[in-house]
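Visitor: Just passing along the structure, written as structure tokens.
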Amino acid sequence: MPSNNNKVNSWTVRIIAFLVACGLWLYVMNEQNPLTNRTYTVALGKENLSSKMVVLDMPESVRVKISGPRAALSSLSEESIQAYVDFSTATKGRNMYNVRARSAVGDVIEISPSLLQLDVDEVSEKLVEVEPRIVGVPDSGITVGKLNVDPIRVTIKGAASKLANVDKVVVLVDISNKEKNFEEEDNVVVLGKDGRQMQNFVLMPAKVKVSAVVLKQLATANVPIKAELSGNLPTGFAVESVTLKPTSIKLTAEPKILGSISEIKTAPVVLDKLTGDVEVEMPLSIPDKVLAEQHSVVVSIKLKRIEAPPLEIGEKKN
Numbered sequence: 390m391p392s393n394n395n396k397v398n399s400w401t402v403r404i405i406a407f408l409v410a411c412g413l414w415l416y417v418m419n420e421q422n423p424l425t426n427r428t429y430t431v432a433l434g435k436e437n438l439s440s441k442m443v444v445l446d447m448p449e450s451v452r453v454k455i456s457g458p459r460a461a462l463s464s465l466s467e468e469s470i471q472a473y474v475d476f477s478t479a480t481k482g483r484n485m486y487n488v489r490a491r492s493a494v495g496d497v498i499e500i501s502p503s504l505l506q507l508d509v510d511e512v513s514e515k516l517v518e519v520e521p522r523i524v525g526v527p528d529s530g531i532t533v534g535k536l537n538v539d540p541i542r543v544t545i546k547g548a549a550s551k552l553a554n555v556d557k558v559v560v561l562v563d564i565s566n567k568e569k570n571f572e573e574e575d576n577v578v579v580l581g582k583d584g585r586q587m588q589n590f591v592l593m594p595a596k597v598k599v600s601a602v603v604l605k606q607l608a609t610a611n612v613p614i615k616a617e618l619s620g621n622l623p624t625g626f627a628v629e630s631v632t633l634k635p636t637s638i639k640l641t642a643e644p645k646i647l648g649s650i651s652e653i654k655t656a657p658v659v660l661d662k663l664t665g666d667v668e669v670e671m672p673l674s675i676p677d678k679v680l681a682e683q684h685s686v687v688v689s690i691k692l693k694r695i696e697a698p699p700l701e702i703g704e705k706k707n
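First residue of the sequence shown: 390, per our numbering; consecutive thereafter.
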């Protein structure tokens, strides 16, 4: 029968063997897969923020240091780490907030920055008319005659303190290389009272439809008006004078067309039955593709009597 000393020795050997095995396992693991630290750049999120509140100028990301086995950290992605600020007790104004983080693998040992001073404001909104603004350099001889925006108003939603500094909402319409009428969707841009673009607003809608009428560049000139007389006056009458009111007209057209026009004529004034002075409003003959400030003119014709020439010998008087 074995003695008690032998039993004690047996258990002692077993314990020592177990400790040696653990030590060997730790040694192998530390050699093959040691603990290490790795720093990740992680998107910073918001938790428990009221829908009636908004955070101003919050950083987009923070740096998070994770400690864990090298093999595990080598396969850990930034998407598996969450960095956030808890706004469950947030109040309006500027306050200090802790940055927190959690990881699917390893332990979070450091967050940088770990403390943020942030402004929290109430959410507000207002309806603003969209102003179209032309940008870009058009081709030579091209201009935009008309711009339509649909919808003409958008809703801006954001921090009440920033919303008070909004001056206007514009849509930038690029007319570079545009030769024909066009329709497109463009982003709207919020401008502050200082003329600079403002960020961190929700726009509803964020895009508007713009339709533009493209015209060839036009020129303007004053052109003289000429009365067009037709037919013959009855015997014994002659035209003493013809006056026009006005005597010239302002025309608008493409430069090439306008350069070919030296005068504008009235519709023909028929003289055949006139026996006295007349004043008549006559339409003007405006060429195609020409815009005129008016389309008629008053023609005043003054007549005079003339003696019939003496009859020659053998000529009978009618």
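Built from N, CA and C at the ideal position, the CB exists for glycine as well.
#1: For glutamine 586, which residues does DSSP report across the bridge?
#2: Should serine 492 go down as buried or exposed, given a rule of 16 or more other Cβ atoms within 10 Å for buried?
#3: What's the C-alpha gap between asparagine 707 and proline 623?
#4: Can you tell which of Lys615, Leu607, Lys654 has the C-alpha that lies nearest to the C-alpha of glutamate 643?
#5: Given a cut-off of 8 Å on the beta-carbon distance, is the pair leucine 592 and leucine 640 in contact?
#6: Is valine 562 near the ligand PLP, in the sense that its beta carbon is under 7 Å from a heavy atom of that ligand?
#7: What is the residue span of the alpha helix (DSSP H) that serine 550 lies within?
#8: Which one of Pro423, Pro676, Lys634 has the shortest CA to CA distance from isoleucine 650?
#9: How about valine 577 and valine 543: are their beta carbons less than 8 Å apart?
#10: From the DSSP secondary-structure annotation, give me the bridge partner or partners of glycine 625.
#11: Is the Cβ-Cβ distance between glutamate 629 and threonine 655 less than 8 Å?
#12: Tell me which residues share the same chain as lysine 535 and place their Cβ nearer than 8 Å to its Cβ, disregarding the 5 neighbours each side in the sequence.
#13: Quick check: what's the CA-CA separation for valine 517 versus valine 560?
#14: Is it right to say lysine 678 is buried, meaning 16 or more other beta carbons lie within 10 angstroms of its own, or is it exposed?
#15: Go ahead and label valine 667 buried or exposed: buried means 16 or more other beta carbons lie within 10 angstroms of its beta carbon, across all protein chains shown.
#16: Looking at the structure shown, is valine 667 part of a helix, part of a strand, or coil, going by DSSP?
#17: If you measure from the beta carbon of valine 628 to each beta carbon in chain D, is any gap under 8 Å?
#18: Three or more C-beta pairs under 8 Å: does that hold for the segment 455–469 against the segment 478–489?
#19: Which same chain residues, not among the five before or five after asparagine 570, have their C-beta less than 7 Å away from its C-beta?
#20: Using alpha carbons as the reference points, say which of Thr430, Asn426, Leu445 lies closest to phenylalanine 590.
#21: Does the segment 490–508 come into contact with the segment 520–528, if we say contact requires no fewer than three beta-carbon pairs (one atom in each stretch) closer than 8 Å?
#22: Beta carbon of glutamate 514, beta carbon of lysine 546: below 8 Å?
#23: Counting C-beta neighbours from all protein chains within 10 Å, is the total for isoleucine 614 16 or more, i.e. buried, or is it exposed?
Guide: Based on what the coordinates show:
#1: Position 197 of the sequence shown holds residue 586. DSSP output for glutamine 586 lists Leu580 as bridge partner(s).
#2: Within the sequence shown, numbered from 1, the residue matching residue 492 stands at position 103. So serine 492 counts as buried.
#3: Stepping through the sequence shown from its first residue, residue 707 is reached at position 318. Stepping through the sequence shown from its first residue, residue 623 is reached at position 234. Note that asparagine 707 scores 49 on pLDDT, short of 50, meaning its location in the model is unreliable; the coordinates nonetheless yield the value given after this. If you take the alpha carbons of asparagine 707 and proline 623, they lie about 14 Å apart.
#4: Along the sequence shown, one-based indexing puts residue 643 at 254. It is Leu607.
#5: Within the sequence shown, residue 592 is the residue found at index 203, counting from 1. Within the sequence shown, residue 640 is the residue found at index 251, counting from 1. In this structure, leucine 640 does not lie closer than 8 Å to leucine 592 by Cβ.
#6: Absence of the ligand PLP is noted for the structure shown, with no ligands found whatsoever.
#7: Translated into positions along the sequence shown, residue 550 becomes position 161. 549–552 is the extent of the alpha helix (DSSP H) around serine 550.
#8: Position 261 of the sequence shown, counted from the start, is the residue given in the question as residue 650. The shortest Cα separation from isoleucine 650 among Pro423, Pro676, Lys634 belongs to Pro676.
#9: What you label residue 577 is simply residue 188 of the sequence shown in a count that begins at 1. What you label residue 543 is simply residue 154 of the sequence shown in a count that begins at 1. Contact flag set, yes.
#10: Reading the sequence shown from its first residue, position 236 is the one you call residue 625. Its beta-bridge partners do not exist; DSSP assigns none.
#11: Within the sequence shown, numbered from 1, the residue matching residue 629 stands at position 240. Within the sequence shown, numbered from 1, the residue matching residue 655 stands at position 266. No. Outside cutoff.
#12: The sequence position of residue 535 within the sequence shown is 146, counting from 1. Ala601, Val602, listed in sequence order.
#13: Start at 1 with the first residue of the sequence shown, and residue 517 comes out as number 128. Start at 1 with the first residue of the sequence shown, and residue 560 comes out as number 171. CA-CA distance, valine 517 to valine 560, rounds to 12 Å.
#14: Position 289 of the sequence shown, counting from 1, holds the residue named residue 678. It is exposed - the Cβ of lysine 678 has fewer than 16 other Cβ atoms within 10 Å.
#15: For the purposes of this step, residue 667 is identified with residue 278 of the sequence shown, where counting begins at 1. Counting Cβ neighbours within 10 Å, valine 667 comes out exposed, since fewer than 16 surround it.
#16: Numbered from 1 along the sequence shown, position 278 holds the residue referred to as residue 667. Three-state DSSP puts valine 667 in a strand.
#17: Checking the listed chains, one finds no chain D in this structure; it contains a single protein chain.
#18: no
#19: Taking the first residue of the sequence shown as position 1, residue 570 is located at position 181. Excluding sequence neighbours, asparagine 570 sits near Ala601, Val602, Val603.
#20: Position 201 of the sequence shown, counted from the start, is the residue given in the question as residue 590. Of the candidates Thr430, Asn426, Leu445, the one whose C-alpha sits nearest the C-alpha of phenylalanine 590 is Leu445.
#21: no
#22: On the sequence shown, residue 514 is found 125 positions in, with the first residue counted as 1. On the sequence shown, residue 546 is found 157 positions in, with the first residue counted as 1. Cβ atoms of glutamate 514 and lysine 546: closer than 8 Å.
#23: Residue numbering aside, residue 614 sits at position 225 when the sequence shown is read from its first letter. Burial call: buried.
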